[in-house]
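Participant: First to last, the protein sequences are chains A and B.
Okay, so the first sequence: first residue is 1 according to the working numbering, each after it adds one.
Okay, so the second sequence: first residue is 166 according to the working numbering, each after it adds one.
All C-beta atoms in this analysis are idealised placements derived from N, C-alpha and C, irrespective of residue type, glycine included.
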Amino acid sequence: MTDTAPRERQLITLDVNGERHELLIEPRRTLVDALRHDLLLTGTHVGCEHGICGACTVLVDGSPARACLMFAAQAEGARIRTVESLADGAELSDLQRAFSEHHGLQCGFCTPGFLMLAEGFLAERPEAAKEEIREVVAANLCRCTGYQTIVEAIDDCAARRRKET
Amino acid sequence: MGASVARREDPRLLTGRGRFIDDIQLPRMLHAQFVRATVAHATVTGIDLSAVREVPGVAAAFTAEDLELGDITARLGRPASEFVATAMPVLARDRVRFVGEPLAVVVARDAYAAEDGLEAAKVRYEVRPPVVSAERALAPGAPLVHDEAPRNTLLNVSMFATEGIDAVFDSAPHVVRVRARTGRQNALPLETRGAVASWDAREDQLLLHTCTQVPHQVRTVAARCLRLDERAVRVVVPDMGGGFGLKCVVGREEIAVAAAALRLGRPVKWIEDRKDALTASFLAREQQYDARAAFDADGRILALEADIVCDMGAYSCYPFTAGIEPLMASAEMPGVYEVPAYRVRGRAVTTNKAPTAPYRGVSRPQYVMVMERLFERAARELGMDPVEIRRRNVITDFPYTGVNRITYDPGSYRESLDLCERVVKEEGWYTAREEAAAEGRHLGIGYACFSERTGYGSAAFAQRKMEVVPGFDISEVRMDTSGAVVVTTGTMSHGQSHETTMAQIVADELGLDIAKVRIHQGDTDRITYGWGTFASRSIAVGGSAVRLAAAKLGEKLCRIAAARWDLSPEAVELVSGGIRRRDGSGGLLGFEELADLAYLRAHLLPKDLEPGLSATATFDVFNDGTFSNATHGVVVELHPGTGQVEILAYVCVEDCGVAINPQVVEGQCRGGIAQGIAGALYEQVTYDEQGEPSATSFMDYKVPTAREIPDVLIRHLETPCAFTETGAKGAGEGGTIGAPAAVLNAVNDALRPTGTELDTTPITPETVQRAFGRTVEHTS
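Structure representation (structure tokens):
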């Protein structure tokens, strides 16, 4: 058995959800694997490992990014946000509540990716119209909902935020 | 029941606290990947894993011989002339039959090292000619995929042949014919398959966490393949990221991982990557129909005949067998129509392609598409309105026993058709079609009217002659001393909201606050057996068992209360929060108080009442089951230059009996319709002549996004089911069943000026361009 054989590793620091973590990892380790398996933040999911499905979407310095297409080392110095950052304790965020109210999730596997995609997008384009939201939602794949309720949830959340400000 | 209460699974799934298979981490856990065949058909002359074992990080590598594994063999109780059973080895030994077939398992400290290991594997093949199409497989002299299956035929049945049908065809005023093909699809749950196996020394038991719709089935097969008592295997299913039927058959990889964990004495995890999920997992749907129908001058169908060939790929799936698609199609093709004469032949053909499993709808998307094409074609020939011809032929008197000897329970076939047409008209699409035509644009309207058998009981599966017969379900409802309830069900939610809908059923039955109800599923140690979730069975069958168990518990609560008050059980009743006297006197005996009596002060119970509060019930459907129904209406616009099919509107009128949670039912419809549209317009796995699959990533396998899937307008009808305990029929598959037919009909309506009709899915841009007579530069 050679599963304990030494390997080339590097020490990196990741800023995730406002916490700093030191990690000793292989240079080839992807950001999503570092988040999920080293930091045990398993909310971010892996659906394709080639950047199409978007289940691994996280925010990197505020913008949605595919965590399966980045090496963890590339995220050094950036501020990462994952789905675990959205709720305030047991209190769901307005975006999360909108997804639930509109039945914008079924199996829930793609959901963290859609939430982070929407969170990043709405921060950038709070005035986005529904058709624009649909265009953005098309960046990620969902196999359960038929997308309609996801688009409606994000649109509703955006409208409520606009009303409040 | 009947209210769209908020989903109880949402808070954890929305906050990243769901626990999916890849979220499970165990101490000293190793990671597995599979060495897979790189050729479609070959004799394996040697597997050399010595270099694999030297790769840094690799702990072990095993072939089938190393693990001494039994085969997985799915059987039907049919004569050899009708069905040939074929073994699917857990790992291939001397022969490989499709690109991606697992040959060996490599176990390493992480998935990266395991993949490094795969690259060092050396497999020697003596290549055999591959068989990559059903036509080729059936041709005389074709190479055999399984030596025991002549003509590569795994199932060959002629289930119905009405006497005198030839004369009907000969004398009918109109006979129309449809030759249709449907593409090979991937059910494509977003979470790929996976398993984590470990030996629990304390329980003297294998603990197999796996991503399956049928946990008890996996336990049975794992125990048999690993030669263990069933009690020595516990299958636990965490949250599941979809299944759609793909995960309702037993996968060879999950058994291999369990064997590796036993051999190594360490936990082993396997998570399928997307490439393997697209190429080496189970696929579905590739069928060919040669069908004809005879009509009288008024557009009434007189006879139906079909020859159905299903390309099932390299292996029979367990437990359903390669017969699943042709048997389903043969038995149920007449569908919602009053067909007086019927003849059908159904065949399952084996080829050197990835094997197939049931996929949401199983054959119904295909035969409904063919039936709906036959009616549309007849309408054209007779100069009739396509909705009117359906109206004249749908079953209206229930219960109705069809030419296929199936008895349909009451549904709203005619009403759904009428309402769907009315909504499409009210939304202005008939006018829009006229206006578009005047402008030279190509709008089309298409319909599909169908039913789906959902409450399959044991009798229905036994009739198929399955040797392993699914059908019933079991539930246990247990109340604790605080009056809270845990419900264990044998079904397995993988996105269908069972934690909410099952809880609604129990809360309703017991008059209990839904917050007091917790649903448990997916753990074989918690309930004796269960048949999991497939064929839209969960609420119709599983939900009925849940309700029966809750009712039994309710009876016991009444008996305890009656004894406490020294009354007969008939003098008390369950109400919200507890039990009261029927005469209204004496207040309420709350659940908490009753539970306290049942457990902590059981000496106060009469002798004939056992302490404790739990009840178990089973439910089965002994007749032909229940039939949900729907009509779908679609409006498309075709763009001749690009060949694009744009869906402008989608209307779905569905009837699944009593909807426990209408929002959940709508979610099922929309998701199903999206998968149906995917099959109609986008998704397909093809193979080249060497058996190399075309779709190995999402670059090639075109899963539709929010841009391609339209909003769906849903209208509900409700024909309560007489023999499920909840009045509910199944609601999981309908969307997928109706969409391909409706989309294809709409496209053909839009193509009317060209004189071309299409009968094949997926409808590619090239086929649309060709239909408009455009030169297509791309040649395939």
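If I follow the unbroken alpha helix (DSSP H) through B/HIS663, where does it start and stop?
Facilitator: Locating residue 663 of chain B in the second sequence gives position 498, counting from the first residue. 663-675 is the span of the alpha helix (DSSP H), which, as asked, contains B/HIS663.
Participant: So with CB distances below 7 Å, who are the chain A contacts of B/GLN828?
Facilitator: Residue 828 of chain B sits at position 663 when you count from the first residue of the second sequence. HIS103, listed in chain order.
Participant: Under a three-way DSSP split, which group does B/ALA171 fall into?
Facilitator: Here residue 171 of chain B refers to the residue found at position 6 of the second sequence. Coil.
Participant: If I'm right that B/LYS894 touches B/SER779 with Cβ under 8 Å, what's the distance once you round it to whole angstroms?
Facilitator: Here residue 894 of chain B is taken as the residue at index 729 of the second sequence, counted from 1. Here residue 779 of chain B is taken as the residue at index 614 of the second sequence, counted from 1. That belief does not hold up - the Cβ atoms of B/LYS894 and B/SER779 are roughly 29 Å apart, past 8 Å.
Participant: Taking Cβ-Cβ distances shorter than 7 Å, what residues in chain B pair up with A/ARG143?
Facilitator: Translated into the one-based positions of the first sequence, residue 143 of chain A becomes position 143. What A/ARG143 touches in chain B: LEU353, PRO354, LEU355 and GLY407.
Participant: Let's test the definition: count the other Cβ atoms within 10 Å of the Cβ of B/HIS768 and tell me whether it reaches 16, buried, or not, exposed.
Facilitator: Start at 1 with the first residue of the second sequence, and residue 768 of chain B comes out as number 603. Exposed is the call here.
Participant: Would you mind telling me which residues of chain B sit closer than 9 Å to A/PHE109, beta carbon to beta carbon, in chain order?
Facilitator: Residue mapping note: residue 109 of chain A aligns to position 109 of the first sequence, counting from 1. LEU178, GLY183, PHE185, PRO354, LEU355, GLU356, ASP404, MET405, GLY406, GLY407 and GLY660, listed in chain order.
Participant: Which term fits B/HIS943, buried or exposed, when burial requires 16 or more other beta carbons within 10 angstroms of its beta carbon?
Facilitator: Position 778 of the second sequence, counted from the start, is the residue given in the question as residue 943 of chain B. Residue placement at B/HIS943 is poorly supported in this model, since its pLDDT is 49, which falls under 50; the coordinates still yield a value, given next. With fewer than 16 Cβ atoms within 10 Å of its Cβ, B/HIS943 is classed as exposed.
Participant: CB B/ALA239 to CB B/PRO484, shorter than 9 Å?
Facilitator: Within the second sequence, numbered from 1, the residue matching residue 239 of chain B stands at position 74. Within the second sequence, numbered from 1, the residue matching residue 484 of chain B stands at position 319. Yes, the pair counts as a contact, with Cβ atoms nearer than the cut-off.
Participant: Name the chain A residues that come within less than 8 Å of B/ALA273, Cβ to Cβ?
Facilitator: Position 108 of the second sequence, counted from the first residue, corresponds to residue 273 of chain B. Going along chain A in sequence order, the residues near B/ALA273 (Cβ under 8 Å) are ASP3.
Participant: Which same chain residues end up closer than 8 Å to A/GLU8 when comparing Cβ atoms and leaving out the 5 residues on each side of it in sequence?
Facilitator: As a working note, residue 8 of chain A is residue 8 in the first sequence. If we look at A/GLU8 and ignore the five residues flanking it on each side, its Cβ neighbours are GLU26 and PRO27.
Participant: Does chain B have any CB closer than 9 Å to the CB of A/PRO112?
Facilitator: Position 112 of the first sequence, counted from the first residue, corresponds to residue 112 of chain A. So, interface residue.
Participant: Just the Cα atoms here: how many angstroms apart are A/VAL46 and A/LEU35?
Facilitator: Here residue 46 of chain A refers to the residue found at position 46 when the first sequence is read from its first residue. Here residue 35 of chain A refers to the residue found at position 35 when the first sequence is read from its first residue. Cα-Cα distance, rounded: 11 Å.
Participant: Measure from the alpha carbon of B/LEU983 to the alpha carbon of each residue in B/ALA597, B/ARG587 and B/ASN910, then state which is nearest.
Facilitator: As shown, chain B starts at 166 and ends at 945. That puts residue 983 of chain B outside it, with no answer to give.
Participant: Can you check the region 44-89 of chain A for any beta strand (DSSP E) of at least 3 residues that lies completely inside it and give the ranges in chain order?
Facilitator: Listed in chain order, they are 57-60, 63-66 and 79-81.
Participant: CA-CA distance, A/PRO6 and B/VAL422?
Facilitator: As a first step, residue 6 of chain A must be located in the first sequence, where it is residue number 6. As a first step, residue 422 of chain B must be located in the second sequence, where it is residue number 257. In a straight line, the C-alpha of A/PRO6 is about 25 Å away from that of B/VAL422.
Participant: Please check the pair A/ALA67 and A/VAL58, which I expect to be a contact at CB under 8 Å, by giving their CB distance rounded to whole angstroms.
Facilitator: Taking the first sequence and counting its residues from 1, the one referred to as residue 67 of chain A is at position 67. Taking the first sequence and counting its residues from 1, the one referred to as residue 58 of chain A is at position 58. Between A/VAL58 and A/ALA67 the Cβ distance is about 5 Å, and since that is below 8 Å, they are a contact.
Participant: Against A/LEU115, what residues of chain B qualify as contacts under a CB-to-CB distance less than 8 Å, listed in chain order?
Facilitator: The residue labelled residue 115 of chain A in the question sits at position 115 within the first sequence. In chain order: LEU179.
Participant: Between B/CYS475 and B/ALA299, is the Cβ-Cβ spacing less than 9 Å?
Facilitator: To locate residue 475 of chain B, count along the second sequence from 1; it is residue 310. To locate residue 299 of chain B, count along the second sequence from 1; it is residue 134. A contact, by the Cβ cut-off of 9 Å.
Participant: In chain B, which residues lie with their C-beta within 9 Å of the C-beta of A/LEU86?
Facilitator: For the purposes of this step, residue 86 of chain A is taken as the residue at position 86 of the first sequence. Per Cβ cutoff of 9 Å: LEU179, THR180 and GLY181.
Participant: Starting from B/GLU291, follow its DSSP beta bridges and name the residues at the other end.
Facilitator: Here residue 291 of chain B refers to the residue found at position 126 when the second sequence is read from its first residue. B/THR208.
Participant: Beta-carbon within less than 8 Å of B/ALA603's beta-carbon, same chain only, minus the 5 sequence neighbours each way: which residues are those?
Facilitator: One-based indexing of the second sequence puts residue 603 of chain B at position 438. Excluding sequence neighbours, B/ALA603 sits near nothing in its chain.
Participant: Return the chain-ordered list of same chain residues with a C-beta closer than 6 Å to the C-beta of B/GLU451, the five sequence neighbours on each side being excluded.
Facilitator: Taking the first residue of the second sequence as 1, we reach residue 451 of chain B at position 286. Excluding sequence neighbours, B/GLU451 sits near ARG349 and ASP476.
Participant: Could you tell me the boundaries of the alpha helix (DSSP H) in which B/ASN321 lies?
Facilitator: Taking the second sequence and counting its residues from 1, one reaches residue 321 of chain B at position 156. Run containing B/ASN321: none in the alpha helix (DSSP H); it sits in the beta strand (DSSP E), 318-326.
Participant: Let's test the definition: count the other Cβ atoms within 10 Å of the Cβ of B/ASP365 and tell me whether it reaches 16, buried, or not, exposed.
Facilitator: Taking the first residue of the second sequence as 1, we reach residue 365 of chain B at position 200. Flag for B/ASP365 reads exposed.
Participant: I'd like the list of long-range same chain contacts for B/ALA479, defined as Cβ closer than 8 Å, with 5 residues on each side in sequence excluded.
Facilitator: By one-based count along the second sequence, residue 479 of chain B stands at place 314. Once the five neighbours on either side are set aside, the close Cβ partners of B/ALA479 are ARG262, PHE263, GLU266, VAL310, THR515, THR516, ASN517, LYS518, ALA519 and PRO520.
Participant: Which residue marks the beginning of the beta strand (DSSP E) containing B/LYS434, and which one marks its end?
Facilitator: Here residue 434 of chain B refers to the residue found at position 269 when the second sequence is read from its first residue. From DSSP, the beta strand (DSSP E) with B/LYS434 extends over 433-436.
Participant: To the nearest angstrom, how far is the alpha carbon of B/PRO315 from that of B/ASP281?
Facilitator: Residue 315 of chain B sits at position 150 when you count from the first residue of the second sequence. Residue 281 of chain B sits at position 116 when you count from the first residue of the second sequence. Distance between the alpha carbons of B/PRO315 and B/ASP281: 40 Å.
Participant: Please report the distance separating the alpha-carbon of B/GLY359 from that of A/ASP38.
Facilitator: Stepping through the second sequence from its first residue, residue 359 of chain B is reached at position 194. Stepping through the first sequence from its first residue, residue 38 of chain A is reached at position 38. The straight-line gap from Cα to Cα measures roughly 19 Å.
Participant: Got a sec? Which residues, its chain only, sit under 6 Å from B/ALA700 by beta carbon, not counting five neighbours each side?
Facilitator: Along the second sequence, read from residue 1 onward, the residue named residue 700 of chain B stands at position 535. Counting only Cβ-Cβ distances below 6 Å, and skipping sequence neighbours, we find TYR621.
Participant: Tell me, please, whether the CB atom of A/CYS19 is closer than 9 Å to any CB atom in chain B?
Facilitator: To locate residue 19 of chain A, count along the first sequence from 1; it is residue 19. A small fix is needed here, since residue 19 of chain A is Glu in this sequence, not Cys. By this cut-off, A/GLU19 is not an interface position.
Participant: Between the region 860-867 of chain B and the region 436-449 of chain B, do three or more beta carbon pairs fall short of 8 Å?
Facilitator: Counting Cβ pairs under 8 Å, three or more are found: they touch.
Participant: For B/GLY430, I'd like the list of residues in its chain whose CB is within less than 8 Å of its CB, leaving aside the five on either flank, ordered along the chain.
Facilitator: Here the question's residue 430 of chain B lines up with position 265 in the second sequence. Within the same chain, B/GLY430 has close Cβ partners TRP364.
Participant: Looking only at DSSP bridge pairs, what is B/ARG342 linked to?
Facilitator: Numbered from 1 along the second sequence, position 177 holds the residue referred to as residue 342 of chain B. BP columns for B/ARG342 point to B/ARG457.
Participant: The alpha helix (DSSP H) with A/VAL136 in it runs from where to where?
Facilitator: Against the first sequence, residue 136 of chain A aligns to sequence position 136. It spans 130-137 - the alpha helix (DSSP H) in which A/VAL136 sits, taken as one unbroken run.
Participant: So what's B/ARG712 in DSSP terms, helix, strand or just coil?
Facilitator: Mapped onto the second sequence, residue 712 of chain B falls at position 547. In this structure, B/ARG712 counts as helix in the three-state DSSP scheme.
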